[in-house]
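Chains as they are written, first to last, in this note's numbering: chain A, 1 to 205; chain B, 1001 to 1205.
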């Protein structure tokens, strides 16, 4: 019996896109359920039963309900993907954990926050978000001068986790010109099989 | 030949403590190297060669150099710990990834930031840090009403990752009274073999 797979998503959310993107790259069908975030649906029942923190995305995959885009990538990789997407040896797994931390901290509070301010009018510290954006992009530029992918020699969940809000950085008025290696990495990821851009609906069931 | 293991640390850093704590719980010897963060040593060479983002802790374990406290926990668990500290099945691994994200985002920008303001005089938004602290602690209180540990039925790296800045929350003037289940969980973790408190040096080689 085919399992029901639903993704609670918001079309302007880079974290939601992150999961839609990986589902598409893995060729997994799903039903996308749009959450009315502008109307506050994510902060009320019944959505809060899916994620008490009131954030999208949430994946419901048969019996499994899971919030947090990084966690969902890890789940999908372990359950459905080739092992190269999430190598389990101590060092590569730790290096991936580091980039998942960077996605949750430096990228979320850097370029993603810069975009929250410009696109959604969030009352957050724009100068701080820009300073954090420059710091993480400077590091990524240096790192990606030495290698093609964030961890090892093949794409992993680390790349997928970091992609959306770096690709969306210009919407937050972050200038990408000083980071050509980062732009090349974005293009490399966008050339992978199954890639879908942010603003086109992913394939649904 | 015994491997040289060094931890670059700062004694008031909860992220440094996180790694010292897990090393102690695993009974692993190490040399602690105090970084003069007040003097800006972490933002200059040669430290920047260890971590270009200029953050402690950094672990040097033989040939491996690794930054980011969450990533170091993952490395140590995979390399040296019993499998129960980091189960690899899709769902528990993803649930752990979720709590590592929470440690990097909601806890770092909630109670850890509240403490950066009170203890270090950081010029950050105190009201926002307090709002975020209440949100994550409210979720943890609810979650820990249903279970003893953050993921599954045994302690994992998720508990170690979240412990320090929740234990330190009162230093940021976060009132823990509304979260008795969280306080019980803190006490449960502090009763595990090998536990060391923040302000006493961990066992060194």
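Even glycine gets a Cβ: it sits at the ideal position worked out from N, Cα and C.
Taking buried to mean at least 16 other C-beta atoms within 10 Å of its own C-beta, is residue i buried or exposed?
i                       : result
residue 18 of chain A   : buried
residue 1145 of chain B : exposed
residue 1035 of chain B : buried
residue 1008 of chain B : buried
residue 1003 of chain B : exposed
residue 115 of chain A  : buried
residue 217 of chain A  : The requested residue 217 of chain A is not part of the displayed model; chain A covers only 1 to 205.
residue 1199 of chain B : exposed
residue 1172 of chain B : buried
residue 1090 of chain B : buried
residue 155 of chain A  : buried
residue 21 of chain A   : buried
residue 1046 of chain B : exposed
Could you pull out every residue in the same chain whose Cβ sits closer than 8 Å to the Cβ of residue i, ignoring the five residues on either side in sequence?
i                       : result
residue 1080 of chain B : 1026, 1028
residue 1161 of chain B : 1018, 1069, 1070, 1073, 1099, 1100, 1103
residue 1186 of chain B : 1163, 1166, 1167
residue 1195 of chain B : 1021, 1024, 1025, 1189
Which residues in chain A sit within 8 Å of residue i, going by Cβ to Cβ distance?
i                       : result
residue 1095 of chain B : 66, 71
With a CB to CB cut of under 7 Å and the five nearest residues on each side skipped, what residues in its chain are close to residue i?
i                       : result
residue 1132 of chain B : 1106, 1109, 1110
residue 112 of chain A  : 14, 165
residue 1072 of chain B : 1019, 1057, 1059, 1066
residue 43 of chain A   : 54
Between the alpha carbons of residue i and residue j, how many angstroms are there, rounded?
i                       : j                       : result
residue 128 of chain A  : residue 134 of chain A  : 10 Å
residue 41 of chain A   : residue 48 of chain A   : 9 Å
residue 1054 of chain B : residue 178 of chain A  : 20 Å
residue 1039 of chain B : residue 125 of chain A  : 26 Å
residue 189 of chain A  : residue 1082 of chain B : 36 Å
residue 1169 of chain B : residue 1068 of chain B : 20 Å
residue 10 of chain A   : residue 62 of chain A   : 21 Å
residue 1130 of chain B : residue 1174 of chain B : 7 Å
residue 147 of chain A  : residue 1095 of chain B : 30 Å
residue 1183 of chain B : residue 1032 of chain B : 29 Å
residue 1136 of chain B : residue 37 of chain A   : 20 Å
residue 1050 of chain B : residue 142 of chain A  : 14 Å
residue 97 of chain A   : residue 1093 of chain B : 11 Å
residue 1192 of chain B : residue 1153 of chain B : 14 Å
residue 140 of chain A  : residue 1052 of chain B : 10 Å
residue 121 of chain A  : residue 1181 of chain B : 36 Å
residue 176 of chain A  : residue 1176 of chain B : 43 Å
residue 119 of chain A  : residue 12 of chain A   : 9 Å
residue 88 of chain A   : residue 1064 of chain B : 16 Å
residue 197 of chain A  : residue 75 of chain A   : 22 Å
residue 138 of chain A  : residue 1138 of chain B : 36 Å
Residues of chain B with a CB under 7 Å from the CB of residue i: which are they?
i                      : result
residue 105 of chain A : 1104, 1105, 1108
residue 75 of chain A  : 1090, 1091, 1094
Taking residue i as the query, report the chain A residues whose CB atoms sit under 9 Å from its CB, ordered along the chain.
i                       : result
residue 1053 of chain B : 102, 106, 135, 136, 139
residue 1142 of chain B : 52
residue 1078 of chain B : 88, 89, 90, 91, 93, 94
Spatial neighbours of residue i within its chain, please: C-beta separation below 6 Å, excluding the five flanking residues on both sides.
i                       : result
residue 1077 of chain B : 1085, 1086, 1157
residue 159 of chain A  : 149, 150, 189
residue 1117 of chain B : 1124, 1126
Against residue i, what residues of chain B qualify as contacts under a CB-to-CB distance less than 8 Å, listed in chain order?
i                     : result
residue 98 of chain A : 1066, 1067, 1068, 1070, 1071
Determine, using beta carbons only, whether residue i comes closer than 7 Å to chain D.
i                       : result
residue 1015 of chain B : Of the protein chains in the structure, A and B, none is chain D.
Chain A contacts made by the segment 1108-1126 of chain B, where a contact means CB separation under 7 Å: Within the segment 1108-1126 of chain B, the residues whose Cβ lies closer than 7 Å to some Cβ of chain A are 1108, 1109, 1125, listed in chain order.
Residues in the segment 1035-1059 of chain B having any Cβ partner in chain A nearer than 7 Å: Along the segment 1035-1059 of chain B, the positions whose C-beta sits under 7 Å from a C-beta of chain A are 1052, 1053, read in chain order.
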